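The sequence shown: position 136 = 1562 (our numbering), numbered continuously. Note that CB positions come from ideal geometry on N, CA and C, so glycine has one too. Here the structure is a predicted model, which means the values were calculated and not measured.
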Amino acid sequence: MTSNTCAERSETFTWTDPAIALQQLPRLSGMDYFSGLREGSIAPPPIASLMKFDLVEATHGHVEFKCRPSEAHYNPLGMVHGGLACTLLDTALGCAAHTTLAAGLGYTSIDLAVKYLRPVTLRKGALRAEGSVVKAGSRLIFTEGRLCTTEGELLATATSTLLVFPHQPEALTP
1427 MTSNTCAERS ETFTWTDPAI ALQQLPRLSG MDYFSGLREG SIAPPPIASL
1477 MKFDLVEATH GHVEFKCRPS EAHYNPLGMV HGGLACTLLD TALGCAAHTT
1527 LAAGLGYTSI DLAVKYLRPV TLRKGALRAE GSVVKAGSRL IFTEGRLCTT
1577 EGELLATATS TLLVFPHQPE ALTP
């Protein structure tokens, strides 16, 4: 296999130390956390920079993210890897659940089911992921989501079940 250095491209991304935001997390309700993200008093998690996610909206039980994939997200078949769509939907579903939580509570995914409906290429432009809570409970939260183009073309759907538990700050430090 030969390398064509003329065709090489690169991207750089930066992020803020996640430990800073994690220190605030146990004291904030989900809505307070997302208000801090929107206002800029809480830095987004590193995954948002890596995957090019931006929070658009967060209300109780609902979130929206925007993502502009690049060719760095392409798989060998010349389309955006399904892992980006899955990660974006997983983020939207988890964050929708997070908006319903009181301070001192955390969550983790129990399951995630993604249905890919159309291939994603750069021609699709920016993507929009929505996550909504279907049923919130004290132990389990059920969510559903949609991944669309900004023009509304449906690309993928997802559902997830999340487990709610008391926040464990010691589990968040490296």
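- Less than 7 Å separates the beta-carbon of E1490 from that of E1556.
- Pairing V1540 with A1582 gives a Cβ-Cβ distance under 7 Å.
- With contacts defined as CB atoms closer than 7 Å, K1492 and V1506 fail to qualify as a contacting pair.
- When secondary structure is reduced to three states using DSSP, A1447 falls in the helix class.
- The criterion of a C-beta distance shorter than 7 Å is satisfied by S1455 and A1529.
- Around the beta carbon of D1443, fewer than 16 other beta carbons sit within 10 angstroms, so the residue counts as exposed.
- If only uninterrupted beta strand (DSSP E) runs of at least 3 residues are considered, those enclosed by the segment 1537 to 1575 are 1553 to 1562 and 1566 to 1575.
- A Cβ-Cβ separation of about 15 Å leaves T1440 out of contact with F1479 under the 8 Å criterion.
- Counting other Cβ atoms within 10 Å of its Cβ, T1438 stays below 16 and is therefore classed as exposed.
- Rounded to the nearest whole angstrom, the C-alpha separation of C1512 and A1552 is 15 Å.
- Here DSSP, grouped into helix, strand and coil, assigns G1578 to coil.
- Looking at the DSSP output, A1584 bridges to V1540 and G1571.
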